[in-house]
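S.K.:
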Amino acid sequence: MAADATCDASVLQGGALDFFAFLPEQIRGDYQTTKNALAERYSQLQNPLQAQVELARACQQPGETVSDFADRLRQLGRLAHPQAVPDDPTLDASLRGLFICGLRDAGLKSVLCNKSPDSMDAAVKIAREFKSQQTALVAMQQFGTAVGAHEAMTPQVMVASSGGSGVNQAVALQSLERRMDDIQQALQQL
Numbered sequence: 006m007a008a009d010a011t012c013d014a015s016v017l018q019g020g021a022l023d024f025f026a027f028l029p030e031q032i033r034g035d036y037q038t039t040k041n042a043l044a045e046r047y048s049q050l051q052n053p054l055q056a057q058v059e060l061a062r063a064c065q066q067p068g069e070t071v072s073d074f075a076d077r078l079r080q081l082g083r084l085a086h087p088q089a090v091p092d093d094p095t096l097d098a099s100l101r102g103l104f105i106c107g108l109r110d111a112g113l114k115s116v117l118c119n120k121s122p123d124s125m126d127a128a129v130k131i132a133r134e135f136k137s138q139q140t141a142l143v144a145m146q147q148f149g150t151a152v153g154a155h156e157a158m159t160p161q162v163m164v165a166s167s168g169g170s171g172v173n174q175a176v177a178l179q180s181l182e183r184r185m186d187d188i189q190q191a192l193q194q195l
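All residue numbers for the sequence shown refer to our numbering, where the first residue is 6 and numbers rise by one.
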């Protein structure tokens with residue numbers, strides 16, 4: 006069955022392909038489970054009541070970005086409340102609350118509750134910034150661990166003469182430049 010799921014993945018594009026790529030292996034490995042996950046994420050609902058039910062139970066799915074989750078909630082909100090005018094403050098407040106409650110990351114939920122964003126857009130912006138910072142911190146921690154291991158294996162240059170401090174400073178500067186380059190690359194990947 007895994008071959009069937011792989012064949013289907015070749016026809017996915019854009020957000021659907023990204024969503025598929027971040028699904029856990031146990032879901033991607035089974036055709037029916039993959040199909041169900043994609044159908045749940047991308048199926049079109051038939052009526053407003055159905056959309057209201059989906060909206061009430063919406064939670065961020067594994068592999069779904071905060072932006073994609075917010076977009077899904079907005080789409081469900083439009084389907085559930087077709088009579089609502091664009092930028093309806095009541096619908097926006099409702100979606101903002103559902104967005105915060107439906108997030109997978111408890112730390113992010115806490116940050117959003119403490120910051121009390123005044124709109125859905127503000128909540129999504131804060132969430133994206135938080136996730137970017139989280140990713141950058143993880144990258145820096147991983148880099149710091151790798152650098153620490155590298156430095157532990159690298160013998161330190163010890164020169165007692167007055168010129169020795171210049172050598173040590175040059176080595177330290179090169180190490181710092183490498184660290185900065187790695188951090189910049191990690192941030193660019195965000």
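Glycine included, C-beta positions come from ideal geometry on N, C-alpha and C.
Does Val90 come out as helix, strand or coil in the three-state DSSP assignment?
M.R.: Here residue 90 refers to the residue found at position 85 when the sequence shown is read from its first residue. Three-state DSSP puts Val90 in coil, outside helix and strand.
S.K.: Does the count of Cβ pairs from the stretch 16 to 32 and the stretch 64 to 78 closer than 8 Å reach three?
M.R.: The stretch 16 to 32 vs the stretch 64 to 78: in contact.
S.K.: With Ser72 as the anchor, note down where its alpha helix (DSSP H) starts and where it stops.
M.R.: Reading the sequence shown from its first residue, position 67 is the one you call residue 72. Unbroken alpha helix (DSSP H) run through Ser72: 71 to 85.
S.K.: Measuring only the C-alpha atoms, how far is Gln80 from Asp35?
M.R.: Residue 80 sits at position 75 when you count from the first residue of the sequence shown. Residue 35 sits at position 30 when you count from the first residue of the sequence shown. Taking the straight line from one Cα to the other gives about 28 Å.
S.K.: Using the three-state DSSP reduction, which class does Leu60 fall into: helix, strand or coil?
M.R.: For the purposes of this step, residue 60 is taken as residue 55 along the sequence shown, with counting starting at 1. Reduced to three states, the DSSP call for Leu60 is helix.
S.K.: Compute the distance between the beta-carbons of Leu113 and Ala132, then report whether it is under 7 Å.
M.R.: Sequence index remark: in the sequence shown, residue 113 carries index 108 (1-based). Sequence index remark: in the sequence shown, residue 132 carries index 127 (1-based). For Leu113 and Ala132, yes; Cβs fall inside 7 Å.
S.K.: Does the Cβ of Gly19 have 16 or more other Cβ atoms within 10 Å, making it buried, or fewer, making it exposed?
M.R.: Here residue 19 corresponds to residue number 14 of the sequence shown, with the count starting at 1. So Gly19 ends up on the exposed side.
S.K.: Can you give me the C-alpha to C-alpha distance between Phe74 and Met185, rounded to a whole angstrom?
M.R.: Within the sequence shown, numbered from 1, the residue matching residue 74 stands at position 69. Within the sequence shown, numbered from 1, the residue matching residue 185 stands at position 180. Approximately 33 Å, taken between the alpha carbons.
S.K.: Below 7 Å between beta carbons: does that hold for Ser124 and Asp93?
M.R.: Your numbering for residue 124 matches position 119 in the sequence shown. Your numbering for residue 93 matches position 88 in the sequence shown. No; because the gap between Cβ atoms is not below 7 Å, this pair is not in contact.
S.K.: Would Thr39 and Arg33 qualify as a contact pair, given that the criterion is a beta-carbon distance under 7 Å?
M.R.: Taking the first residue of the sequence shown as 1, we reach residue 39 at position 34. Taking the first residue of the sequence shown as 1, we reach residue 33 at position 28. In contact: Thr39 and Arg33 (Cβ atoms closer than 7 Å).
S.K.: Please report how far the alpha carbon of Glu182 lies from the alpha carbon of Lys136, in whole angstroms.
M.R.: As a working mapping, residue 182 is identified with position 177 in the sequence shown. As a working mapping, residue 136 is identified with position 131 in the sequence shown. Distance between the alpha carbons of Glu182 and Lys136 is about 26 Å.
S.K.: Let me know if Ala128 comes out buried or exposed under the rule of 16 or more other beta-carbons within 10 Å of its beta-carbon.
M.R.: On the sequence shown, position 123 is the one that residue 128 refers to. Classification of Ala128: buried, given that the 10 Å Cβ count is 16 or more.
S.K.: How many Å lie between Asp187 and Gln139 at the Cα?
M.R.: What you label residue 187 is simply residue 182 of the sequence shown in a count that begins at 1. What you label residue 139 is simply residue 134 of the sequence shown in a count that begins at 1. Cα-Cα distance, rounded: 16 Å.
S.K.: Using the Cα positions of Gln44 and Gln189, report the straight-line distance between them to the nearest angstrom.
M.R.: The residue you call residue 44 lines up with position 39 of the sequence shown. The residue you call residue 189 lines up with position 184 of the sequence shown. Reading off the sequence, residue 44 comes out as Ala, not Gln. Going by the C-alpha atoms only, they are around 38 Å apart.
S.K.: Does DSSP put Gln66 in a helix, a strand or coil?
M.R.: Stepping through the sequence shown from its first residue, residue 66 is reached at position 61. It is coil, neither helix nor strand.
S.K.: Within the continuous alpha helix (DSSP H) that includes Gly34, where are the two ends?
M.R.: Taking the first residue of the sequence shown as 1, we reach residue 34 at position 29. From DSSP, Gly34 is part of no alpha helix (DSSP H); its letter is neither H nor E.
S.K.: Assign Ala111 to one of two classes, buried (16 or more other C-beta atoms within 10 Å of its C-beta) or exposed (fewer than that).
M.R.: Walking along the sequence shown from the start, residue 111 turns up at place 106. It counts as exposed.
S.K.: Which residues in the same chain as Val116 place their Cβ atom closer than 6 Å to its Cβ, once the five residues preceding and following it in sequence are excluded?
M.R.: Taking the first residue of the sequence shown as 1, we reach residue 116 at position 111. Cβ neighbours of Val116 beyond the five flanking positions: Phe135.
S.K.: Given a threshold of 16 other Cβ atoms within 10 Å of its Cβ, counted over all protein chains shown, does Asn41 qualify as buried or as exposed?
M.R.: Position 36 of the sequence shown holds residue 41. Asn41 comes out exposed.
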